[in-house]
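Reading through the structure tokens given below for one structure.
Residue numbers (my numbering): 21 to 336.
Here's what the structure looks like:
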């Protein structure tokens, strides 16, 4: 007998439904981690070492109120933060009126985007930076939910190597901190040539004799950063946004300023740290000083939740 016809091929399986597109109004971004910004804070006490200019302040400190927020994972209650700067050693400014914040582009005092501490020539001071819960002196948890960076700007030297600005940080707790410059930013961010080199020299050394000053354990590793390029008040930027951007977007003034900063990144986000400022002698003792300028940047991020659109309403 003839063979039966071959069976018909099975019909193809239906295609899976396409994934639901996210709604256009999926929701507002959710901040996570630590956000910090001196420019957006309020200078509510300016009395470092009890030397004013805000001598009515109840504490011998510089306080930047509302400097930031730690949002953690975005799901738990955030904490609002102030930054309090105090001196742990003898402090002698050339002019305490210059403390707190720099002037803005129009020359208006205390309206710029940098924090600032003034120091007279041939002096040094050890400062503690302490983040506290807003409006208190209560320390937050020992480490924040993400790291942060401190930027120190305009590291200058004067004629004949006088008035050289030096910054020293010591750290023994792993993973500690890392210091980078504009040259590192050029390389790490693959910025196109020609980029910039730095005028700040950074060296590593171990320290034991001065550990009590730095409140650290034995054999701390220290970074010392010192200026190598001459500068004056006329070459100072007035806000971090002039410097913390791609080199290709900078004008020549901004490029010159960017060569003189260092970025200190604390990977674990400690609630406090210490830093030493020092300034070499001037030609005439006591006649000159410099402003140490800084800003902060938290390594927080926004997440954007994506929700599928609800199914269409059934027809009437």
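Note that beta-carbon positions come from the ideal geometry of N, C-alpha and C, so glycine has one too.
Just the C-alpha distance for residue 51 and residue 165, rounded to the nearest angstrom, thanks.
-> The alpha-carbon of residue 51 is positioned some 12 Å away from that of residue 165.
What is the residue span of the alpha helix (DSSP H) that residue 208 lies within?
-> 202-208
Hey, how far is the Cα of residue 187 from the Cα of residue 325?
-> 42 Å
For residue 138, three-class secondary structure by DSSP | strand
For residue 64, I'd like the list of residues in its chain whose CB is within less than 6 Å of its CB, leaving aside the five on either flank, ordered along the chain.
-> 83, 85
Would you check if the region 138-155 and the region 102-116 touch, i.e. whether three or more CB-CB distances between them fall below 8 Å?
-> yes
Jot down the residue ranges of each uninterrupted beta strand (DSSP E) in the region 96-161, minimum 3 residues, whole runs only, in chain order.
-> 99-107, 135-140, 143-153
Select from 127, 124, 66, 170 the residue whose C-alpha is nearest the C-alpha of residue 292.
-> 170
Around the Cβ of residue 157, are there at least 16 other Cβ atoms within 10 angstroms (buried) or fewer (exposed)?
-> When all chains shown are included, residue 157 counts as exposed.
Of the residues 185, 298, 122, which one's Cα is nearest the Cα of residue 112?
-> It is 298 whose Cα lies nearest to the Cα of residue 112.
Flag this pair as yes or no: are the beta carbons of residue 279 and residue 198 separated by less than 8 Å?
-> Not in contact: residue 279 and residue 198 (Cβ atoms no closer than 8 Å).
Under 8 Å between C-beta atoms of residue 189 and residue 243 = yes
DSSP bridge partner residues for residue 185 (one or two, in chain order) = 299
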